[in-house]
Each structure stands twice: as structure tokens, then as C-alpha cells.
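Please read the structure below before turning to the comments.
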Amino acid sequence: MLVYQGIKMDFIQSVEEDSIADEIKETIYKKMGRHTSESEYNSWSNSLEYMYKVLNDPNIPSDSGIAIEYNIPQTSKRVDFMISGYNDKNQPRMVVIELKQWKHLEKVEDTSLVSTYTGHARRDVVHPSYQAWSYAQLIMDYNASVQEKKIELKPCTYLHNYIRKDKDPLDDVQYEEYLNQAPAFTKGQVKDLRSFIKSFIKTGDQKEILYEIDHGKIKPSKSLQNSIASMLKGNKEFIMIDEQQVVYENIIKLSMRCQKDHTKRTIICQGGPGTGKSVIAIQLLSKLTQLDQFVQYVSKNSAPRNVYAEKLKGTIKKCSVDNLFKGSGAYTEIGKNQIHTLLVDEAHRLNEKSGMFHNKGENQIKEIIHCSMCSVFFIDESQRVTMSDIGSVSEIEKWAEKRNSCRS
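Numbering-wise, the working numbering comes out as the position in the sequence shown, counting from 1, plus 58.
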């Protein structure tokens, strides 16, 4: 969903009239029923003034499409700024820009993270180039219009308050992969960012490309489907036997039925240690993705996610892998029925609240059922080991009933 869309000429006029932040605020309330905080409003006013300076160049077409706050479907992620148009071969292009107001940051050793002051506290967050790259990759992996019309996305990030220095932590060698994929522009680099945009966009599109992306169906790309399938092919540890195959086939039928009859379903799969619940979950991730569903493997603990994600690395990009494997606290802000199927492994380990300090969301089971058309819980109640583990058959059944999800 696009919160703001127009052409460059509209955007320039709105900024000059000091109305751009108000337009975004009003649109968010109309489309999402959400009030805008003062800090969010101020960040738009600040950052968009800088984007005004960047775009105030006659060689950036006046009819290029401009989108602000694009909510990536099936997620809670929002792209800050997008510019659309055609290159010199009349091929569709989109520049994706992640805007940051940071003034300082420090590297976090041997990770894709940096440490900075954001949200009224110092936090470890992903490197801004990784964030821009991962958002663009998510759109490319799941937007059918991008795939079919060969719309190429070019991500970058703009830290307009950040003063870069020699041997800056922003440019540390551990972030080289992300910077190559999504360059970082900082204070004083307006001309450089302009050049980046102009190298990809030569003529305007009257926001036609924005329309295609906003109305693109959710469909995993062939490369993503093939990569997951190749991970399993010939791998003995993922071979299913006897009852595992029966469970697998039944879950596929129910999940696909959700897409056809638009009926919400919750499936509970019980089994003790060694019964192959995780094998079934990974096989389902592969098969349902090949059946054009947006599917994610979910677990509270990172260990099982990391094991399977590691097996995929080398065949597809890291950010694509990250989008397939999620923690159980990732669904606190996602709307109703936004994801086709969620496969929840070790569901007995789910918590009530999410976040490092257990202060986010309401209930992980409720949130998972709420945001998916089909939710599959793999559970062994005997393995609940801490007081915070709330995963039980009765708790899942309770929330399935409250969210009008048929129990299977």
C-alpha cells in the first residue's frame, strides 16, 4: 500500500507549500485509521526537505513517480521513499531510498548490525544499507509485477544528518557486501545521490510503475522457489516417511483450500521428540512456496532457524533467506490475513509477549493466527520448559475460536 504517491512535480510543490507532512498524516489516517505521532511527523518534515533538495534538478524527470511510506504487502515493513521511471533503454526502474536521521553510529563486531541512538535509546539495528537492500529484495522476491514486467529495483540509503569521516564505521569492511548492493549517502552528498538516481532514471513514467508495484499480486519468484527446492533435493535428513508424508499431504490440502474458499484455518500437529515435526515444516515451506504462497517458518528460538537458513545460504541472497525464517515475535504489527501460511515449529515454546523486554504485542499465538490465512502449529506439550512458555493445544484452540479460524 502506498501512503503517498504522485509525480516529482507534485512532490516539489507540496514541499514548497509546507504541506507534504500533513498530506501523509491525513492519508495514513484515512487508509489505516492510525494517528501519527509528533516524532514521526517531524521526521517526515525534516527528511523530505532533504529529498526536495536532491530532486530539485531538471535532469531528474518532472513526471517521475514518487512514493512515500510504501507498506510492503504481507509485512509490517515500510519503504521510506521510492522514485520510478525508465532508463535510457526504456526499461522500468525504481530507486528505493531508506532515509535516516542518525548523527552517530558504531559497528557491532562480526554482524550486519550497527549501534545507534534511535527510538529514544541506544539500540543495535541493521546497517541502513542492509535494510534498504533487504526491503528491495523482499519486493523482488514476492511482487509478481516486478517479476513479470522486469522492474529493476536499485536500493540505497541517505543519512542526511550524518557527517562521514575517514575510516568511518559506516564503511567498515564487514558491511562491504551491503554497501555494494545499496550505497550509503551522507551529509554533503546531495550531488552524489542525484547522480545515482539519474544513472537509472532518464525519463518519467507518470507513476505507472508505482501503480504496477502497488497492485502486484503476492507470488514468490521462480529463483526463490527453485533455491528452496534445491536445498531439499537429495538431502536425506529431509526425507519424510510413513505418517510424516500423510501429515504433510493433508496440511498442503488444507492450506491450499484456504486460498480457494477464503476460509481461515488453524492446524495443530502434535508429536513427541523424533517424530519429524521440523522435517515436515521445512518440506511444507518448500512445497507451498512452489505453489505460489507467501510462507514463513517460525520459531521462538533462533537455533533451528539458523540451521535451516545456513543450508540455503550460497544459493540465494541472505536477505531472502531472512524473509523465509522468522522469530515468533515478528507479527505484532501485521494486519489480518496478510500471510498465506505460517509454519510454527516448537509451538510449545511460544510466549505471551514479544520483544527483548517482553513488552510488545498481546499474545504470540493470537498474533500468528490473526495475520495468516492458514496457521500450522507443530507442538509437543511435554517440552514446555519455562514459566513463560504458553504454547498448549488449549491455548491455540482458544485463539483460533476467537479469531474465527477453523480448527483442524
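Glycine included, each C-beta is placed from N, C-alpha and C at the ideal position.
As the structure is a computational prediction, the values presented were derived from the model and not from experiment.
Using a Cβ-Cβ cut-off of 9 Å, state whether Gln-283 counts as contacting chain B. Here chain B cannot be found, since the structure has a single protein chain.
Within this structure, are the beta carbons of Ile-276 and Gln-132 separated by less than 9 Å? Position 218 of the sequence shown, counting from 1, holds the residue named residue 276. Position 74 of the sequence shown, counting from 1, holds the residue named residue 132. Contact: yes.
DSSP bridge partner residues for Pro-213 (one or two, in chain order): Position 155 of the sequence shown, counting from 1, holds the residue named residue 213. Val-154, per the DSSP bridge assignment.
Do Ser-466 and Leu-312 come within 9 Å of each other at the CB atom, strictly closer than that value? Reading the sequence shown from its first residue, position 254 is the one you call residue 312. Reading the sequence shown from its first residue, position 408 is the one you call residue 466. Yes, they are a contact pair.
Could you give the distance in angstroms between the alpha-carbon of Phe-19 and the alpha-carbon of Met-445? Nothing in the structure corresponds to residue 19, since the chain is present only between 59 and 466.
Helix, strand or coil for Lys-225, going by three-state DSSP, please let me know. Here residue 225 refers to the residue found at position 167 of the sequence shown. Looking at Lys-225 - three-state DSSP - the assignment turns out to be coil, as it is neither helix nor strand.
Check for me: the alpha helix (DSSP H) holding Ile-82 runs from which residue to which? On the sequence shown, residue 82 is found 24 positions in, with the first residue counted as 1. 78-90 is the extent of the alpha helix (DSSP H) around Ile-82.
Span of the alpha helix (DSSP H) holding Val-305? To locate residue 305, count along the sequence shown from 1; it is residue 247. Val-305 -> alpha helix (DSSP H) spans 301-319.
Cβ distance (whole Å) where Asp-199 is taken to contact Ser-279 below 8 Å: What you label residue 199 is simply residue 141 of the sequence shown in a count that begins at 1. What you label residue 279 is simply residue 221 of the sequence shown in a count that begins at 1. Right, the Cβ-Cβ distance comes to about 5 Å (below 8 Å), so this counts as a contact.
Just to confirm the assignment: which complete beta strand (DSSP E) runs, minimum length 3, are found wholly within the stretch 88-133? 123-129
Three-pair Cβ contact test at 8 Å for the stretch 60-76 versus the stretch 112-121: yes
Kindly give me the distance between the Cβ atoms of Trp-191 and Ala-242, rounded to whole angstroms, as I take these residues to be in contact under 8 Å. Counting from 1 along the sequence shown, the entry for residue 191 is found at position 133. Counting from 1 along the sequence shown, the entry for residue 242 is found at position 184. Not confirmed; about 11 Å, so no contact.
Just grab the DSSP bridge partners of Leu-60 for me. To locate residue 60, count along the sequence shown from 1; it is residue 2. Partner(s): Tyr-128.
Residue burial classification, Val-112 (beta-carbon count within 10 angstroms, cutoff 16): Taking the sequence shown and counting its residues from 1, the one referred to as residue 112 is at position 54. Buried, since its Cβ has 16 or more Cβ neighbours within 10 Å.
DSSP three-state assignment for Asp-68, whether helix, strand or coil: Position 10 of the sequence shown holds residue 68. In the structure shown, Asp-68 sits in a helix (DSSP, three-state: H, G or I).
N- and C-terminal bounds of the beta strand (DSSP E) containing Tyr-236: Translated into positions along the sequence shown, residue 236 becomes position 178. Not the beta strand (DSSP E): Tyr-236 falls in the alpha helix (DSSP H), residues 234-239.
Which residues does DSSP pair with Leu-400 in a beta bridge? Here the question's residue 400 lines up with position 342 in the sequence shown. In the DSSP output, where bridge partners are listed per residue, Leu-400 has Gln-354 and Ser-433.
Starting from the C-beta of Ser-336, find all residues in its chain whose C-beta is less than 6 Å away, skip the five residues before and the five after it, and write them out in chain order. Position 278 of the sequence shown holds residue 336. Only Asp-403 meet the Cβ criterion.
Of the listed residues Pro-227, Asp-438 and Ile-255, nearest to Pro-331 (C-alpha basis): In the sequence shown, the residue the question calls residue 331 occupies position 273. Minimum Cα distance to Pro-331 is reached at Asp-438.
Candidates Lys-161, His-273, Val-204 and Phe-254: closest to Ile-221 by CA position: Along the sequence shown, read from residue 1 onward, the residue named residue 221 stands at position 163. It is Lys-161 whose Cα lies nearest to the Cα of Ile-221.
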